[in-house]
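J.: Just passing along the structure, written as structure tokens.
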Ligand SMILES: Cc1cc2nc3c(=O)[nH]c(=O)nc-3n(C[C@H](O)[C@H](O)[C@H](O)COP(=O)(O)OP(=O)(O)OC[C@H]3O[C@@H](n4cnc5c(N)ncnc54)[C@H](O)[C@@H]3O)c2cc1C
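Numbering (my numbering), first residue to last: 44 to 442.
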């Protein structure tokens with residue numbers, strides 16, 4: 044006999060976005076029964092080393108994690124607040140400095156390690172009696188029936204619910220299984236990520252240098268041993284990224300020191316490096332009858348302004364809001380009529396941010412003299428216009 048279970052919502056993918064969504068919906072609507080499915084058992088967060096994958100979170104995202112109940116643990120374990128941002132153009136004199144004190148805030152945001160965020164969210168979901176966590180488990184088959192979606196798990200169990208939420212990341216199998224069309228292209232870029240130790244203090248500043256071959260970011264990390272660590276996100280044209288990956292640690296540190304103009308001194312050491320190919324992807328629709336896309340399953344974006352998971356957490360807040368209203372009114376959670384409200388809220392903002400990032404990337408990649416002048420003069424002019432800068436800071440902070 045098949046072991047079958049019925050839920051109100053099935054979430055596939057317990058990354059930062061899927062786990063946050065399950066926690067937030069479970070807390071907002073305690074009567075809703077949620078299945079959270081994850082293919083891989085994540086490694087436990089290790090406080091003795093840094094995760095090479097980090098995210099710069101806005102205040103809005105921090106608030107989402109707080110509403111999920113996960114923020115206190117993240118902050119107590121290792122949340123690295125940053126107070127300033129220094130952005131400059133490698134090819135000209137353009138430079139801009141943002142400071143949280145200009146907008147009377149204690150910080151601009153937090154650098155958080157992805158594994159710590161996931162671990163904290165999973166610890167929270169385990170406390171909620173209306174979430175059942177299936178992990179590690181593979182889905183063998185998805186099927187859409189008239190009033191529900193069914194999932195055959197590879198271990199023989201059968202799950203069903205009126206709504207399936209795809210939070211299964213950029214290569215979403217659900218997006219493909221249910222024929223969601225996407226617009227996508229290869230950036231021809233890869234991001235090298237790792238943790239580096241620097242000779243000078245990071246001054247709680249996120250340092251970002253734009254080069255024609257791609258941006259380089261050094262993001263400040265909290266440390267307890269009196270030494271100075273930053274998370275590196277160095278986006279490069281793929282062939283250049285390959286060359287940098289092939290260097291030994293000492294040569295890599297030397298190249299990174301030069302590329303960062305030694306803004307925080309020599310690069311003393313590097314952890315293991317990882318190279319991640321970058322691809323822009325945007326689903327044309329986020330919702331179909333009984334199925335909805337969330338986070339990277341709906342959109343993946345160049346990491347140059349650290350917006351990816353911030354957009355994902357904004358998706359989470361919007362979808363929970365729409366579904367909680369539907370629950371209160373007794374509406375069908377998986378009806379396209381319900382899910383379209385989420386799409387209407389999120390798609391325009393995601394599109395706008397993605398277009399802005401693309402424009403930014405092209406502007407800084409160009410060696411056209413006129414554009415170089417715009418870059419150089421523009422950054423310097425804005426740096427002198429405090430009210431304009433304050434607006435940008437608020438936008439960056441998600442206020
Ligand atoms: C170099 C780099 C730097 C970045 N920096 C920032 C930043 O500073 N700020 C920011 O906001 N964003 C940043 N991002 C983006 C951010 O990392 C992503 O937006 C975020 O990780 C997406 O989270 P997600 O939960 O949607 O997807 P994922 O993290 O991909 O999680 C998907 C989950 O689904 C699981 N899964 C997949 N398929 C299945 C299946 N069939 N069954 C069950 N489970 C499945 C996976 O195992 C995984 O756990 C960066 C990205 C990169 C590449």
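The C-beta atom is built at its ideal place from N, Cα and C for all residues, glycine as well.
Remember, predicted model here, so these are calculated numbers, not experimental data.
What three-state label does DSSP hand residue 95 in the structure shown?
T.: coil
J.: Residues in its own chain within less than 6 Å of residue 385 by CB, not counting five upstream and five downstream?
T.: 361, 362, 365
J.: Hey, would you say the C-beta of residue 83 is under 7 Å away from at least one heavy atom of ligand 1?
T.: Yes - ligand 1 has a heavy atom lying nearer than 7 Å to the Cβ of residue 83.
J.: With DSSP run on the structure shown, which of helix, strand or coil describes residue 253?
T.: strand
J.: My guess is that residue 203 and residue 303 are in contact by the Cβ rule of under 8 Å, so how many angstroms apart are they, rounded?
T.: Not confirmed; about 52 Å, so no contact.
J.: Assess contact between the segment 58–73 and the segment 316–328, defined as three or more Cβ pairs (one per stretch) separated by less than 8 Å. Is contact present?
T.: no
J.: Under the three-state reduction of DSSP, which class applies to residue 64: helix, strand or coil?
T.: helix
J.: Exposed or buried, residue 317, counting other C-beta atoms within 10 Å across all chains shown (16 or more means buried)?
T.: exposed
J.: Measure the alpha-carbon distance for residue 262 versus residue 332 and round it to whole angstroms.
T.: When rounded, the distance between both Cα atoms is 41 Å.
J.: What does the alpha-carbon distance come out to for the pair residue 89 and residue 352?
T.: 22 Å
J.: Looking at the strands, I want to know which residues DSSP matches up with residue 123.
T.: Its beta-bridge partners are 154.
J.: If you measure from the CB of residue 353, is any heavy atom of ligand 1 nearer than 7 Å?
T.: yes
J.: Only counting the same chain, and skipping five residues up and downstream in sequence, which positions put a Cβ closer than 7 Å to that of residue 308?
T.: 241, 242, 243
J.: For ligand 1, is there a heavy atom less than 7 Å away from the beta-carbon of residue 359?
T.: no
J.: Going by C-alpha distance, which of 110, 102, 390, 155 is nearest residue 325?
T.: 390
J.: Using 8 Å for Cβ pairs, my map puts residue 152 next to residue 101. What's the rounded Cβ distance?
T.: With a Cβ gap of about 5 Å, residue 152 and residue 101 count as contacting.
J.: On a CA-only basis, which of 176, 350, 370 is nearest residue 393? Give me that one, please.
T.: 350
J.: Here's a check: name, in chain order, each residue in its chain whose Cβ is nearer than 6 Å to the Cβ of residue 239, leaving out the five neighbours to either side.
T.: 273, 275, 310, 313
J.: Let me check you understand the geometry: is the CB of residue 210 closer than 7 Å to at least one non-hydrogen atom of ligand 1?
T.: yes
J.: Which residues does DSSP list as the beta-bridge partners of residue 306?
T.: 308
J.: Quick check: the Cα distance between residue 372 and residue 51, rounded to an integer number of angstroms?
T.: 15 Å
J.: Relative to the C-alpha of residue 398, which residue among 63, 343, 299 is closest?
T.: 343
J.: Do residue 123 and residue 264 have their C-beta atoms closer together than 8 Å?
T.: Against a cut-off of 8 Å, the Cβ pair of residue 264 and residue 123 comes out as a contact.
J.: List the whole-angstrom C-beta distance separating residue 207 from residue 53, where the pair is believed to meet the contact cut-off of C-beta under 8 Å.
T.: 5 Å
J.: For residue 296, name the three-state secondary structure that DSSP assigns.
T.: Helix.
J.: Three-state secondary structure (DSSP) at residue 445?
T.: Here the chain has residues from 44 to 442 only, and residue 445 is not among them.
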